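A.B. asks: In this note's numbering, the protein residues as written are 1 to 190. Every residue, glycine too, gets a C-beta built ideally from N, C-alpha and C. Note that this is a predicted model, so its numbers are computed, not measured. Supplied in structure tokens, the structure appears directly below.
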């Protein structure tokens with residue numbers, strides 16, 4: 001899962017959502033230098049990443065995508081799962097996606113000063129550009145792939161992921177549904 005999935009699996013806890021996204025910015029044990037709530041978010045982020053990387057249905061579809069998307073098939077799946085989550089949001093949450101994201105964006109205005117400047121800049125850009133508002137559209141998925149592709153330090157096919165994924169959309173949708181069912185049991189509290 002990418003940004004939206006990490007927010008969703010934060011159980012409507014706005015502070016945890018921010019800390020969960022911070023997981024991409026923490027390497028090794030550096031998260032231990034932060035308050036306990038931030039540590040929980042980083043550990044949740046890592047648990048979500050590990051769960052998707054090791055989920056049987058995701059592994060099966062990632063193997064199919066490896067040839068057209070070497071090195072980035074897992075990233076493409078993360079981005080596509082966010083697209084599917086956004087597209088099917090009403091199945092997973094009582095708020096509309098727009099209302100959910102407004103709560104998150106508004107909350108990031110009071111982001112703790114304990115976060116480093118590179119993360120605060122990321123949050124500011126995320127809030128201002130509202131990338132996640134477009135995730136449900138094919139255009140939004142394409143733009144996500146382009147953005148991540150540019151940030152990777154190696155040549156990759158991620159920019160063409162929408163084309164390469166097209167023949168596997170049914171497989172991906174099935175894998176997404178199985179993953180979400182299992183991940184909800186694992187990460188969502190009542």
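1) To which residues of the same chain is residue 15 closer than 7 Å at the C-beta, ignoring the five residues directly before and after it?
2) Say whether the segment 157-168 touches the segment 42-59, bearing in mind that this needs 3 or more beta-carbon pairs closer than 8 Å, one atom from each stretch.
3) Are residue 111 and residue 42 touching if we call contact CB-CB under 8 Å?
4) Decide if residue 153 is buried, meaning its Cβ has at least 16 other Cβ atoms within 10 Å, or exposed.
5) Starting from residue 47, follow the alpha helix (DSSP H) in both directions and report where the run begins and ends.
6) Determine the direct distance from the alpha carbon of residue 79 to that of residue 7, and round the result to whole angstroms.
7) Between the Cα of residue 48 and the Cα atoms of 133, 20, 32, which residue gives the shortest distance?
8) So, for residue 87: in the same chain, excluding its five sequence neighbours on each side, which residues have a beta-carbon less than 7 Å away from its beta-carbon?
9) When burial is assigned at 16 or more other CB atoms within 10 Å of the CB, is residue 91 buried or exposed?
10) Taking the alpha carbon of residue 118 as the reference point, which residue from 44, 85, 26 has its own alpha carbon closest?
11) With 16 as the cutoff for other CB atoms within 10 Å, does residue 2 come out buried or exposed?
12) Within its chain, find whatever has a CB closer than 6 Å to the CB of residue 140; leave out the 5 residues flanking it on each side and keep chain order.
13) Between which residues of its own chain and residue 98 is the CB-CB distance below 8 Å, once the five residues before and five after are set aside?
14) Apart from the five residues on each side of it in sequence, which residues of its chain come closer than 6 Å, Cβ to Cβ, to residue 66?
15) Are there 16 or more other CB atoms within 10 angstroms of the CB of residue 5, so buried, or fewer, so exposed?
16) Does residue 158 pass the burial test, meaning 16 or more other C-beta atoms within 10 Å, or should it be called exposed?
17) In three-state terms, what does DSSP make of residue 180?
18) Apart from the five residues just before and just after residue 178, which ones in its own chain have a Cβ nearer than 7 Å to its Cβ?
19) Let's see if you can read the secondary structure: which residues bound the alpha helix (DSSP H) around residue 98?
C.D. replies: The short version:
1) Start at 1 with the first residue of the chain shown, and residue 15 comes out as number 15. Apart from the 5 residues on each side of it in sequence, residue 15 sits with its Cβ closer than 7 Å to the Cβ of 37 in its chain, given in chain order.
2) Between the segment 157-168 and the segment 42-59 there are fewer than three inter-stretch CB-CB distances shorter than 8 Å, so the stretches are not counted as touching.
3) Here the question's residue 111 lines up with position 111 in the chain shown. Here the question's residue 42 lines up with position 42 in the chain shown. Between residue 111 and residue 42, the CB-CB gap reaches or exceeds 8 Å.
4) For the purposes of this step, residue 153 is identified with residue 153 of the chain shown, where counting begins at 1. Here residue 153 is exposed. Its C-beta has fewer than 16 other C-beta atoms within 10 Å.
5) Residue 47 sits at position 47 when you count from the first residue of the chain shown. According to the DSSP assignment, residue 47 belongs to the alpha helix (DSSP H) that extends over 36-53.
6) The residue you call residue 7 lines up with position 7 of the chain shown. The residue you call residue 79 lines up with position 79 of the chain shown. When rounded, the distance between both Cα atoms is 14 Å.
7) Looking up residue 48 in the chain shown gives position 48. The candidate whose alpha carbon is nearest that of residue 48 is 20.
8) Mapped onto the chain shown, residue 87 falls at position 87. The answer, listed in chain order, is 136.
9) Here residue 91 corresponds to residue number 91 of the chain shown, with the count starting at 1. Exposed is the call here.
10) Start at 1 with the first residue of the chain shown, and residue 118 comes out as number 118. Of all alpha-carbon atoms in 44, 85, 26, the one lying nearest the alpha-carbon of residue 118 is that of 26.
11) Position 2 of the chain shown, counted from the start, is the residue given in the question as residue 2. Here residue 2 is buried, its C-beta having at least 16 other C-beta atoms within 10 Å.
12) What you label residue 140 is simply residue 140 of the chain shown in a count that begins at 1. Taken in chain order, the residues that qualify are 134.
13) As a position in the chain shown, residue 98 is number 98, starting the count at 1. Counting only Cβ-Cβ distances below 8 Å, and skipping sequence neighbours, we find 133.
14) Counting from 1 along the chain shown, the entry for residue 66 is found at position 66. Cβ within range, chain order: 73.
15) For the purposes of this step, residue 5 is identified with residue 5 of the chain shown, where counting begins at 1. So residue 5 ends up on the buried side.
16) Residue mapping note: residue 158 aligns to position 158 of the chain shown, counting from 1. The residue is buried, with at least 16 neighbouring Cβ atoms inside 10 Å.
17) One-based indexing of the chain shown puts residue 180 at position 180. Collapsing the DSSP output to three states places residue 180 in a helix.
18) The count along the chain shown starts at 1 and reaches residue 178 at position 178. Within the same chain, 57 come within 7 Å of residue 178 by CB-CB distance, once the 5 residues on both sides are set aside.
19) The sequence position of residue 98 within the chain shown is 98, counting from 1. For residue 98, the enclosing alpha helix (DSSP H) begins and ends at 97-107.
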